[in-house]
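Residue numbers (this note's numbering): 37 to 109.
Cβ atoms here follow ideal geometry from the backbone N, Cα and C, with glycine treated the same way.
Only one structure is covered here, and it is reproduced in the block below.
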């Protein structure tokens, strides 16, 4: 089987917009800065603490796996 490079995509923006939330709205709901929400959506954060992931999932009413997608690059 050939090796394929993959990237894990964080789908925060997709789930946020599907819920009709702005970045500011999600930041307020999660108790975090707008800057951090933007960094997560732009892929500038290289890791995500479990408590932050749980917070996003709680506010977006989703499972952790729904926030991630494996894509070939």
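Buried versus exposed call for residue i [16 or more other C-beta atoms within 10 Å across all chains shown]
i: residue 42; result: exposed
i: residue 92; result: buried
Check whether residue i and residue j have beta carbons under 8 Å apart
i: residue 96; j: residue 46; result: no
i: residue 60; j: residue 51; result: no
i: residue 75; j: residue 81; result: yes
i: residue 73; j: residue 89; result: no
For residue j and residue i, believed in contact at Cβ under 8 Å, the rounded distance
i: residue 108; j: residue 53; result: Not a contact, Cβ separation roughly 24 Å.
i: residue 77; j: residue 106; result: Actually they do not touch by this definition, with Cβ atoms about 18 Å apart.
Residues that residue i bridges to, as DSSP identifies them
i: residue 45; result: 105
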